[in-house]
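Residue numbers (my numbering), protein chains in the order written: chain A, 2 to 116; chain B, 5 to 118.
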Amino acid sequence: DAGVIQSPRHEVTEMGQEVTLRCKPISGHNSLFWYRQTMMRGLELLIYFNNNVPIDDSGMPEDRFSAKMPNASFSTLKIQPSEPRDSAVYFCASSLWSGANNEQFFGPGTRLTVL
Amino acid sequence: GESVGLHLPTLSVQEGDNSIINCAYSNSASDYFIWYKQESGKGPQFIIDIRSNMDKRQGQRVTVLLNKTVKHLSLQIAATQPGDSAVYFCAEKDAGGGADGLTFGKGTHLIIQP
Numbered sequence: 002d003a004g005v006i007q008s009p010r011h012e013v014t015e016m017g018q019e020v021t022l023r024c025k026p027i028s029g030h031n032s033l034f035w036y037r038q039t040m041m042r043g044l045e046l047l048i049y050f051n052n053n054v055p056i057d058d059s060g061m062p063e064d065r066f067s068a069k070m071p072n073a074s075f076s077t078l079k080i081q082p083s084e085p086r087d088s089a090v091y092f093c094a095s096s097l098w099s100g101a102n103n104e105q106f107f108g109p110g111t112r113l114t115v116l
Numbered sequence: 005g006e007s008v009g010l011h012l013p014t015l016s017v018q019e020g021d022n023s024i025i026n027c028a029y030s031n032s033a034s035d036y037f038i039w040y041k042q043e044s045g046k047g048p049q050f051i052i053d054i055r056s057n058m059d060k061r062q063g064q065r066v067t068v069l070l071n072k073t074v075k076h077l078s079l080q081i082a083a084t085q086p087g088d089s090a091v092y093f094c095a096e097k098d099a100g101g102g103a104d105g106l107t108f109g110k111g112t113h114l115i116i117q118p
C-alpha cells in the first residue's frame, strides 16, 4: 500500500492566490482528516469526513478555507485567497473506523509558503 | 479551553538508555490516547495507543502508561536507538464516538546522544 498520498509536497504562492491541496487516502479507509501544523500552534485538526461526508469543520480557520471529498479516494483543501499566515505544513490522514481502532495514518504533508 | 500539553519541549538521552516522555491532558472526557512519532520532513507516525479502561500497554520497546486520576500520560522507550530521535506527540480523542479528529499536544523533541 502506498499510504496516504498528498500533492503537491511543496507549494509557494503569493498572497491573494488560490491554493489547492490534494489528498488520496488509503484505499478502504472511510475517514479522512485535514490537519495544519505550525511552530506556534502545533498540529490542529481543520476538518474531517466520514464516508465522504464532512462531520466537523469547526477547526477551519475562516471562510477562505474549504474542503471537499467528492469520492472515497480523493479530497481537496482549498484556500482562497491565501494569506502569509496560512503558511504551514498541511497533513491529510485517513483511518478505517471500526468502533474500536482509531489509528490515523498520515500523509507526508504539503509545505505551503504564502509570500 | 480543554487542551493536551507536554511538560518538556526537549529531552536528550544517551543511546541505550531508557527515555520517558510525559504528557498532561485536561479533557476528562477523553477516552482514547495515542502517541505519534514525527521525523523531520515526514508526517506523524503511529507508535502506540491506549484506551481509558487500561493503565498500561506495551509494544516493542515502548510502553504507554495512563493515570486518569491526574490526567497524565507517558511514553517509555527502552534501550533508545539513534532512530528514535524525533518529535513525539501525545494525542487524545473525546469519548464522543465515531472517527473523530485528534487533539495533539505541542510535542517533545527527543534527542539520542551517541
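Glycine is no exception: its CB is placed at the ideal position from the N, C-alpha and C atoms.
Non-local C-beta neighbours of Gly29(A) in its own chain, meaning closer than 8 angstroms and more than five positions away in sequence, comprise Leu97, ordered along the chain. By the Cβ rule, the segment 76-83 of chain A counts as touching the segment 11-27 of chain A, because three or more pairs are nearer than 8 angstroms. Of the candidates Leu70(B), Ile25(B), Ile24(B) and Thr14(B), Leu70(B) places its Cα closest to the Cα of Ser32(B).
Ala68(A) is bridged by DSSP to Leu78(A). Residue range Gly43 to Asn51 is occupied by the beta strand (DSSP E) that includes Leu47(A). In the three-state reduction of the DSSP assignment, Pro85(A) falls in the helix class.
Spatial neighbours of Pro86(B) in its own chain (CB-CB distance under 8 angstroms, excluding positions within 5 residues in sequence) are listed in chain order as Glu19, Ile116 and Pro118. Taking C-beta atoms as the reference points, Leu116(A) and Glu15(A) count as a pair closer than 8 angstroms. In this structure Phe75(A) does not touch Val5(A) by the C-beta definition: roughly 12 angstroms separates them, more than the 8 angstroms allowed. Phe50(B) belongs to the set of residues whose beta carbon lies under 8 angstroms from a beta carbon in chain A.
Inter-segment contact for the segment 22-29 of chain B and the segment 29-39 of chain A is absent: fewer than three beta-carbon pairs are separated by less than 8 angstroms.
Within the segment 84-110 of chain B, complete beta strand (DSSP E) segments of at least 3 residues are found at 90-98, given in chain order.
DSSP, read as helix, strand or coil, puts Leu116(A) in coil. Across the set Gln42(B), Gly47(B) and Lys60(B), the C-alpha of Lys60(B) shows the shortest separation from the C-alpha of Tyr36(B). The contact set of Phe108(B) on chain A, defined by CB atoms closer than 9 angstroms, consists of Tyr36, Gln38, Gly43, Leu44, Glu45 and Leu46 in chain order. For Asp57(A), the residues of chain B that pass the 9 angstroms Cβ criterion are Asp104 and Gly105, in the order they occur in the chain. Residue-level contact by beta carbon fails for Pro26(A) and chain B, as no gap is shorter than 8 angstroms. Look at Gly29(A): its C-beta is not under 8 angstroms from any C-beta on chain B.
The C-alpha of Ser67(A) is placed about 14 angstroms away from the C-alpha of Gln18(A).
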